[in-house]
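In what follows, a structure is listed as structure tokens, so that the remarks can point back to it.
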Amino acid sequence: MATALTHARPTWRCLRVIAFLPMGWASPTYAGEVPPPAYQMAAASADVPSPVLFAVALQESGAVLRGRLIPWPWTLDVAGNPERYPTRAEACIRLQHLLARLAAERVDVGLAQINLGFQSHRYAKPCDLLDPYTNLTIAARILREQHLPNEDWLLAIGRYHRPAGGDPAMRYRRSVGLHLARLLAKAGTP
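For the sequence shown, the positions run -31 to -1, 1 to 159 when mature numbering (1 follows the signal peptide of the UniProt record, and there is no 0) is used.
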């Protein structure tokens, strides 16, 4: 079985993987630049601001590697406990084992932590959500669906996490809002 990575102590194998990751979706920065190209592409496809999508991914799968917060593509959240894997294959094996014993609603997958149960109509196979581009495209669509005309994107972000709203949506909105504010400040956006 795969060994999950932790937030604070990535393995050397994990660091070697990071060195070879395409810079488009796993750039080891905290948004010192605009969101990486994959975020821009997925966001544009759904008419969502790319910093919004990137901030959601930082909140959902962010891991500190080399002193920087980055979204980690092979993250599984199992009943509220994040697990990070060094490869897509290892995350997929773990995901298949989890689904043999847990309800799909208890598992979130990938960069933007797509819930397997509530979003089952959006993917063919659960491991498809470990593909960063697929995951981001789905997340951008969900954000677009949750956004109402002339509304602040933070409200849509809260509903992304919990469509019913309430305190969980408010807390999530606040956390993602902090990431978003830092991103916009570093990008020089007023």
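Virtual Cβ for every residue (Gly too), placed ideally from N, Cα, C. For clarity, every value in this text was computed on a predicted model and none was experimentally measured.
- In the structure shown, the three-state DSSP call for A154 is helix.
- Per DSSP, reduced to three states, the secondary structure at G31 is strand.
- Excluding residues up to 5 positions away in sequence, Q28 lie with their Cβ nearer than 6 Å to the Cβ of S144 in the same chain.
- The straight-line gap separating the alpha-carbon atoms of D100 and Q82 is approximately 12 Å.
- Looking at the backbone, the Cα of L123 and that of R110 are separated by about 15 Å.
- In this chain, the alpha helix (DSSP H) harbouring N104 covers P101 to Q115.
- Collapsing the DSSP output to three states places V25 in a helix.
- With fewer than 16 neighbouring CB atoms inside 10 Å of its own CB, L147 falls in the exposed class.
- When the Cα atoms are used, V17 and G86 turn out to be separated by approximately 24 Å.
- For P118, there are no CB contacts under 7 Å within the same chain when 5 residues up- and downstream are skipped.
- Residues of the same chain with a CB within less than 6 Å of the CB of Y92, apart from the 5 flanking positions on each side, are L98 in chain order.
- The C-beta distance from A11 to L149 rounds to 16 Å, too long to fall under 8 Å, and the pair is not in contact.
- The beta carbons of P40 and G31 sit closer together than 8 Å.
- Per DSSP, L67 is one residue of the alpha helix (DSSP H) stretching across R57 to L68.
- In terms of CA proximity to G79, R57 leads the group R57, R142 and Q9.
- Shown here, V78 sits in a strand according to DSSP, grouped into three states.
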